[in-house]
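Last residue of the sequence shown: number 340 in my numbering, and the count goes up by one each step with no gaps.
Ideal Cβ positions, reconstructed from N, Cα and C, are used throughout, including at glycine.
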Amino acid sequence: MNEKFAPELLESKTEIVECVMEQLEHMEENLKRAKQGDLKISIHRMEVERIRYVLSSYLRCRLRKIEKYFPHVLEKEKTRAEGEPSILSPEEFAFAKEYTANTENHFKNVALRHMPPNLQKVEFLKAVPKPNLDAFVFLRVKERQENIMVEPEHDDRCQLIKYFYGFFLELPREREGGAVRQ
């Protein structure tokens, strides 16, 4: 859920994705060996399909963000510190590089070659909009919580808010990580 609602690409969860894929393979092998016609088998098969859908939805969401913000994603990856975790898996990094090269080739072949030489260069970092990190986040409170401290980014004082079950609250998105934490 965090990946879906964060405006920027979050840290890659490669280990979790690989673990889920491995578990799906084992579950499918077990289903092939099980006795056909059993009600439990169809329920397990539905669960496997549900997990596969959630996983593919997560990966599609990440690819959509890479395509939408490709120059900024690659720039962030290039400028990250040595010990800092990568936001891209190796496969996503290769995809982003290939997508950049293909986009550049497409622009050159379709439009740029017909323009004057001084206009034949495209700076993708300037041309592609950055993710909106100042967007608001909407949340729904699952259970009653009282006296939660919300630290405004541009103010020195903290804000004390009472949360009640079922109420919606609009907050500026947290800058680091881009995700709402429960």
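### Query
Is it true that the region 161-175 meets the region 200-219, where meeting means three or more beta-carbon pairs spaced less than 8 Å apart?
yes
### Message
Restricting to Cα atoms, I'd like to know which of F265, G195, K284 and V286 is closest to Q278.
### Response
F265
### Message
If you follow the alpha helix (DSSP H) that L170 is in, where does it begin and where does it stop?
### Response
Residue identity differs from the one stated: residue 170 is Ser in this sequence, not Leu. Careful: S170 lies outside any alpha helix (DSSP H) and carries neither H nor E.
### Local conformation of E233 per DSSP, three classes
helix
### Query
With DSSP run on the structure shown, which of helix, strand or coil describes I201?
helix
### Query
For V286, which residues of its own chain have a beta-carbon under 6 Å away from its beta-carbon, when the five flanking residues on both sides are left out?
P229
### Query
Is E186 closer than 8 Å to V212 when the C-beta atoms are compared?
E186 sits away from V212, with the two beta carbons spaced by 8 Å or more.
### Task
Mind checking which residues open and close the alpha helix (DSSP H) that includes L283?
F282 to A285
### Task
Could you pull the start and end residues of the alpha helix (DSSP H) that Y257 belongs to?
P248 to V268
### Message
With H, G and I counted as helix, E and B as strand and the rest as coil, what does DSSP make of M179?
### Response
helix
### Query
What's the call for E176, buried or exposed, on a 16-neighbour Cβ count within 10 Å?
exposed
#### Entry: Residue burial classification, E240 (beta-carbon count within 10 angstroms, cutoff 16)
exposed
### Task
Could you work out which residue in E161, N160, I209 and I199 is closest to V178 when comparing CA atoms only?
I209
### Query
Are the beta-carbon atoms belonging to V231 and A254 less than 8 Å from one another?
yes
### Message
Which residue marks the beginning of the alpha helix (DSSP H) containing N160, and which one marks its end?
### Response
N160 to F163
### Task
Put K226 into one of helix, strand or coil per three-state DSSP.
helix
### Query
Within 10 angstroms of its Cβ, does K300 collect 16 or more other Cβ (buried), or is it exposed?
Counting Cβ neighbours within 10 Å, K300 comes out exposed, since fewer than 16 surround it.
### Task
Can you grab the Cα-Cα spacing for the pair R271 / E256, in whole Å?
Rounded to the nearest angstrom, the two C-alpha atoms are 21 Å apart.
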